[in-house]
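Sequence lines, in order, name chains X and H.
If you're matching positions, the first sequence starts at 2 in my numbering and goes up one per residue.
If you're matching positions, the second sequence starts at 9 in my numbering and goes up one per residue.
For reference, the structure discussed in these notes is given below.
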Amino acid sequence: MIKLLPLLSCLFIMFSSVVWSQQDFNNFKPLVSKGDIPEDFFVRTSSKVEQDMKNQKEDLTQKEQKIFLEGVHYGIDEILQSGLVIYGDDISNYVTKVANKLLEKEPKLRNELRFYTIKSNVTNAFSTDQGIIVVTTGLISQITSEAHLAYILAHEITHYTEKHVVEGFEYRTRNKGVNSQIEQLSIYSKEKEFEADSLGIKLFNNAGYSRNYLTSTFDVLMYSYLPIDELKFPKDYYNNNLCFVPKFIFADKDYEIKVEEDYDDSRSSHPNVRRRKDKATSIAVTYKNWGEVSNHFGDKEFNYTRALARFERIRTDIINYQYANALYTIFILEKEYPNSLYLHRMKAQCWYGLSIVKHANRINRSVMTNKEMEGEGAAMHAFIKNLKEPQLASLAARIVEDCRLAFPEDAELKELGKRTNYALFESDNFVLSKYKKIDFTTAMEKVIDADTLRVDAEVADPLETKKLSKYDRIRIKTTGEITSASIDSSDFHYYIIPDLIENDDFLKLYGEYQDNIEREEKLEREYIAMSRSERKKHIENKQSERITGLEEFVLVDPAVISYKNGKIDLPGSEAMEEKFIDGFEFVTDQLDIRMTTIGKGNLDKTGTVGFNNKSFFTSMLIQMSIADDLDVFPVDYSQIDKIKDEFGTNKLVFSVVEHSYRPQISPSALYFILFPPGFLAYLPVPFIKGNETELNLIVIDLDKGKVITGANYYFQEPLNQFSIEARLYDIFHQKKK
Amino acid sequence: MIFSTKKRSNKMNTVKSIFISLCLLGLSENSYAQNSGFIGKKNILSVDGRFFVPVFHNFGKNESKKYKANGEAFEPARNLLNSGINITVGRTLTNGMAFLIQGNYSRYKMYAPNYVYHKDINDYPNSFQINKSTFFQGQSMGIMPIIEFAGTGGILPIGISHQIGIGFYKNTMRNTNYLILAQSTSYSSSQTLDLFTTEDITNLDYLTIKSYSFMYKFNLRIPITRSLLLNVGMRYNINRTKPVPYQYDSATIDNHLIPQFNFRDMVAAAHLNNLVSLETGISFVF
């Protein structure tokens, strides 16, 4: 026993570390990749193509194989580098475990496959010719058992084993000129889906899963456009001791679920659910020895994994400005995790986001159209749609303040509170004095009191009617704080931030807002009074003001898109990307600017840490790009704050170069019919200026969470490292000054 | 894929396309006002070859003058390509503007005049109509100050640019020996055809015409290293030769086989013929 003690303690430590490595949902952090970075993520795509070209595929010519391999490798690599895919995380590990179970008897096949997770709320999974199988967090968030995942994986594994990707390519290549190509392709594609469904059942059956979960997998898929659960959204959800929201703002009806199993799939790549269910059922009966298992790895692990995906779902919705969806998911999850800091942060982010999109008249981005409204989740959409801007901005301030009060030390919630309050000041018709220092319920009680007072005053001595002091009565009568009659409940928003309007920080921020307004108005008046040349000078000065002082930055995944014969020249673009980075390094070295690069090119050195940093920054970029000019709050604010400290800079640079060569002879050249030799004199010009290269660069200030400057160069030179260097030198020469 | 949903889906945009849309926020800045040069290098030294294709006067005209000499025989020739060389030095003043000084040397074929003149033994000027002639070879040398403006996206000295210059040239004969078959037009002479070479009669070195030229060039400089640029451009010239009095009296002609005014016409015609040139070369930036 003594000898066993060290072993036991080791096991205990290992077990503890497993437990510790699991997410605490009260302090949930977005999923990140873990472990060693797989080769799929850092090997050059052209090397992968080169490697695979050594094994000639049957039925494809050398040229076709090259096209095919370039398509699949560059396609999947773009997804792997999108910042959305993760590896070695708890979801990917779980998926891998389920796949291991399915392939217990096929170790060779198992070794060919890699399993990753993509952060997307679409319910889907896909496999590639290279043996990569990717499942979405959306899929994991919707399933109700491990068996559902197992069947979906079995389906994808079959796509891989039956080489459906290459067969599909071959079919498309051989049938290019076929009439009604879409229908033909649809039929072909559906055949392959049926095949994957059918053969997948074998793996599913072998792994001992229960047959009951087979057809219900299709239900999961069919209803996947709905939220993760169908819970009634109560009309008193926002009410608390300070907040009252009248019921008439909430949805006044239920929204029925309209989807049907037997929809028209004639132009779809997949058969409809009814047909898939029927086919699966007919095949399932041919198998015997069905198992009874729903979760080989236990309910706890399944529920944990699904909860991870559900928490991630909120983040993905916020990146895509789907605030109503995110709030409904939060509403569901907070029942189980009421003290989750993450849920509070995300809720605050949603309400801040809603406040700014409403102000920018873009609320339709964040809520469903009336046509799309289905299920219980639609009630949340309807509620947000019904809120007028002042109501929404005030409610946002209330909710964010409540979140902040729940976690008073949290820097992210503090910042969100500040921004939401500022958004309230900027909202339409905001007048601070209209906001009351009492909450709605108390106000109503006082109205009743005042009414009684008024009635009493008419019939008797008011000073005797109620147990109020003389001064109370005078104050009520003279200030009109509470008048007679009732309060219009649509003015509820004036009563929901009584604590805030007496808060020093809130009032100080309001003072800053007023100062800013005054300053802007003054600048505007000065600008109007300027002459044209003064305005030009003024604009130049403003530009140089906002771009100077760039001494250090992080360069994130610079990209090159080069076109050849109208298509993206994938190998050329990849090769140029490396030169692009070399250009950055040379220029920053020349100008003594400190630059750190995070990108595909150096992932072999930066590893998983570099990959995760890149993913966080990419998510922020996606969020900002969807926002256009809105004042974005980065969804991963806290994580980015930490990364910023690691790099020692708050400046982030994203850059893309696009190039094509398209000599265009002007239609006016037709006039040379009158003088043909002139055409010869003109002819070289379009070829000299046929290059179209565009370099875009933006600098993001991580403290402000916004793009602070950018540069855009359109030039007509062939794409090479030195022309890019010249532009980069020009940009950073300006910005460093 | 396991499923294709017809319902709401979040499109997975590629980071690149997203980035491009982000860049359309109008955050570009005007860089023409500053002078960053090519990676900080603002001085330029270029050597360019000039290639003229004399397209305008090459169709059906002067057929009797398109020969080259093969001993004392005429051999058909074509005026297909003339050439020259430019050496340019300059400095960028801003990213959008540069000042250049260019030295040009070019050679070109000219068509012989219709007549040549020579005094007879009585010292009387005689004219000879040229029936057949080899190409005459002209050359010009000059200097041209140039202002250069950056074109779309150009950061001088690289990229597309537009050059405007006014040059001053001296035009001379490159060779002095040309084969001519001429016929005297003098009533007093024997009216015979005569084959002669110009050097037998006179040295044509005396022929000098000044000209000036207004030039526009559409240019592209492509960096090939951090110090060298490849140049390619189309140059359009409008030339004007200095007027010469039109007289062919005894005193003017003297021993001048070709009077200055004829030479001026030859040069002017050649210049017109060489209105457009393709230029290419390399630039060293420092």
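For every residue, glycine included, the Cβ atom is placed at its ideal position computed from N, Cα and C.
- [ ] Closer than 9 angstroms, Cβ to Cβ, to anything on chain B: give me those residues from the region 286-315 of chain X, in chain order.
- [x] This model lacks chain B altogether; the protein chains it does include are X and H.
_Am I right that D90 (chain X) and S34 (chain X) are in contact with their C-beta atoms under 8 angstroms? What's the rounded C-beta distance?_
Taking the first residue of the first sequence as 1, we reach residue 90 (chain X) at position 89. Taking the first residue of the first sequence as 1, we reach residue 34 (chain X) at position 33. Right, the Cβ-Cβ distance comes to about 6 angstroms (below 8 angstroms), so this counts as a contact.
Subject >> Validate contact between the region 191-211 of chain X and the region 146-163 of chain X using beta carbons, cut 8 angstroms, 3 pairs >> reply: yes
> Between the region 324-335 of chain X and the region 47-57 of chain X, are three or more C-beta pairs nearer than 8 angstroms?
Replying inline: no
Is the beta carbon of I209 (chain H) closer than 8 angstroms to that of H126 (chain H)? Position 118 of the second sequence holds residue 126 (chain H). Position 201 of the second sequence holds residue 209 (chain H). Contact: yes.
Checklist line | Residues, ordered as in the chain, of the region 79-103 of chain H that lie near chain X by beta-carbon distance below 8 angstroms | finding: Answer set for the region 79-103 of chain H: N103.
Practice task
Select from X:V294, X:T216, X:E313 and X:Y329 the residue whose C-alpha is nearest the C-alpha of S283 (chain X).
Solution key: Here residue 283 (chain X) refers to the residue found at position 282 when the first sequence is read from its first residue. Answer by Cα proximity: X:T216.
Please report whether the beta-carbon of K690 (chain X) lies at a distance below 8 angstroms from any beta-carbon of chain H.
Position 689 of the first sequence, counted from the start, is the residue given in the question as residue 690 (chain X). At least one chain H Cβ lies under 8 angstroms of K690 (chain X).
- request: Decide yes or no for the touch test of the region 419-434 of chain X against the region 494-513 of chain X: beta carbon pairs closer than 8 angstroms, at least 3 of them.
  value: Touching, yes.
| query | Closer than 9 angstroms, Cβ to any Cβ of chain H: which residues of the region 715-728 of chain X, in chain order? | reply | Y715, F716, Q717, E718, P719, N721, Q722, F723, S724, E726, A727 and R728
Quiz item: Does H288 (chain H) have its Cβ less than 8 angstroms from a Cβ in chain X?
Solution: Translated into the one-based positions of the second sequence, residue 288 (chain H) becomes position 280. In the sequence as displayed, the identity of residue 288 (chain H) is Thr instead of His. With 8 angstroms as the cut-off, T288 (chain H) does not count as an interface residue toward chain X.
Q | Any 3 or more C-beta pairs closer than 8 angstroms across the region 641-658 of chain X and the region 697-709 of chain X | A | yes
DSSP has I699 (chain X) in a bridge; who is on the other side? Within the first sequence, residue 699 (chain X) is the residue found at index 698, counting from 1. X:F655 and X:G711, per the DSSP bridge assignment.
*asked:* Taking 7 angstroms as the limit between beta carbons, can you name the residues of its chain near N27 (chain X), skipping five residues before and five after?
replied: In the first sequence, residue 27 (chain X) corresponds to position 26, counting from 1. These residues qualify, in order along the chain: Y338, N340, S341 and L342.
Checking contacts by CB at 8 angstroms: is L204 (chain X) closer than that to chain H? Here residue 204 (chain X) corresponds to residue number 203 of the first sequence, with the count starting at 1. By this cut-off, L204 (chain X) is not an interface position.
Give the straight-line distance between the Cα atoms of N281 (chain H) and K64 (chain X), rounded to the nearest whole angstrom. In the second sequence, residue 281 (chain H) corresponds to position 273, counting from 1. In the first sequence, residue 64 (chain X) corresponds to position 63, counting from 1. Between N281 (chain H) and K64 (chain X), the C-alpha separation is close to 49 angstroms.
message = What does DSSP give as the partner residue(s) for A407 (chain X) in the beta ladder?
response = Taking the first sequence and counting its residues from 1, one reaches residue 407 (chain X) at position 406. None, per the DSSP bridge assignment.
**Asked** Start and end of the alpha helix (DSSP H) containing G679 (chain X)?
**Response** On the first sequence, residue 679 (chain X) is found 678 positions in, with the first residue counted as 1. Note, G679 (chain X): alpha helix (DSSP H), P677 to Y683.
Query - Proximity winner among X:A100, X:P228 and X:T124, relative to F132 (chain X) (alpha-carbon distances) - result: Here residue 132 (chain X) corresponds to residue number 131 of the first sequence, with the count starting at 1. What sits at residue 132 (chain X) in the sequence shown is Gly, not Phe. Of the listed residues, the one whose Cα sits closest to G132 (chain X) is X:A100.
Determine, using beta carbons only, whether P231 (chain H) comes closer than 8 angstroms to chain X.
Mapped onto the second sequence, residue 231 (chain H) falls at position 223. Cβ-Cβ to chain X under 8 angstroms: yes for P231 (chain H).
**Study point:** Contact with chain H by P685 (chain X), beta-carbon distance below 8 angstroms
**Key:** Translated into positions along the first sequence, residue 685 (chain X) becomes position 684. Contact of P685 (chain X) with chain H is assigned, a C-beta pair being separated by under 8 angstroms.
Item checked: Strand pairing of S285 (chain H), partner residues [DSSP] -> Here residue 285 (chain H) is taken as the residue at index 277 of the second sequence, counted from 1. According to DSSP, which records beta bridges pairwise, S285 (chain H) is partnered with H:F60 and H:R243.
Bridge partners - I119 (chain X), DSSP secondary structure assignment:
Start at 1 with the first residue of the first sequence, and residue 119 (chain X) comes out as number 118. Answer is X:V86 and X:T137, bridged to I119 (chain X).
query = Whose C-beta lies closer than 6 angstroms to the C-beta of T96 (chain H) among residues of the same chain, with five residues either side of it excluded?
reply = Position 88 of the second sequence holds residue 96 (chain H). Contacts found: S54, L108 and Q110.
Open item on the list: Would you say Q735 (chain X) lies against chain H (beta-carbon separation less than 8 angstroms)?
Closed with: The sequence position of residue 735 (chain X) within the first sequence is 734, counting from 1. So, interface residue.
Run through chain X and tell me which residues come within less than 8 angstroms of F60 (chain H), C-beta to C-beta. On the second sequence, residue 60 (chain H) is found 52 positions in, with the first residue counted as 1. By Cβ distance, chain X contributes nothing, its closest Cβ being about 11 angstroms from F60 (chain H), past 8 angstroms.
Notebook entry, point to check: Does the region 168-186 of chain H come close enough to the region 131-148 of chain H to have 3 or more Cβ pairs within less than 8 angstroms?
Noted result: yes
Notebook entry, point to check: I think E196 (chain X) touches E168 (chain X), with their Cβ atoms under 8 angstroms apart; what is that distance to the nearest whole Å?
Noted result: Position 195 of the first sequence, counted from the first residue, corresponds to residue 196 (chain X). Position 167 of the first sequence, counted from the first residue, corresponds to residue 168 (chain X). Wrong, their Cβ atoms sit about 10 angstroms apart, outside the cutoff.
Give the residues of chain H in contact with D731 (chain X), contact being defined as C-beta atoms less than 7 angstroms apart. One-based indexing of the first sequence puts residue 731 (chain X) at position 730. Under the 7 angstroms cutoff, chain H gives S39, S44, N103 and I163.
Reduced DSSP category for E553 (chain X) - H, G, I as helix; E, B as strand; rest coil
For the purposes of this step, residue 553 (chain X) is taken as residue 552 along the first sequence, with counting starting at 1. DSSP places E553 (chain X) in strand when its eight states are reduced to three.
task = Give a yes or no on whether the minimum CB-CB distance between I47 (chain H) and chain X is below 8 angstroms.
result = Start at 1 with the first residue of the second sequence, and residue 47 (chain H) comes out as number 39. Taking Cβ atoms only, chain X reaches closer than 8 angstroms to I47 (chain H), which makes this a yes.
Handout entry: Any chain H beta carbon closer than 8 angstroms to L703 (chain X)
Key = As a working mapping, residue 703 (chain X) is identified with position 702 in the first sequence. Taking Cβ atoms only, chain H never reaches closer than 8 angstroms to L703 (chain X), which makes this a no.
Less than 6 angstroms between C-beta atoms, sequence neighbours within five positions excluded: which residues of the same chain meet that for A560 (chain X)? Stepping through the first sequence from its first residue, residue 560 (chain X) is reached at position 559. Cβ neighbours of A560 (chain X) beyond the five flanking positions: V657.
| message | Please confirm whether F226 (chain H) has its beta-carbon closer than 8 angstroms to some beta-carbon of chain X. | response | Your numbering for residue 226 (chain H) matches position 218 in the second sequence. For F226 (chain H), at least one C-beta of chain X is nearer than 8 angstroms to its own C-beta.
Using a Cβ-Cβ distance under 8 angstroms, would Q392 (chain X) count as near chain H?
Reading the first sequence from its first residue, position 391 is the one you call residue 392 (chain X). False, the Cβ-Cβ gap to chain H never drops below 8 angstroms.
Interface partners of N63 (chain X) on chain H, CB under 7 angstroms: Within the first sequence, numbered from 1, the residue matching residue 63 (chain X) stands at position 62. Residue identity differs from the one stated: residue 63 (chain X) is Gln in this sequence, not Asn. Result: empty, since nearest Cβ-Cβ is about 29 angstroms, beyond 7 angstroms.
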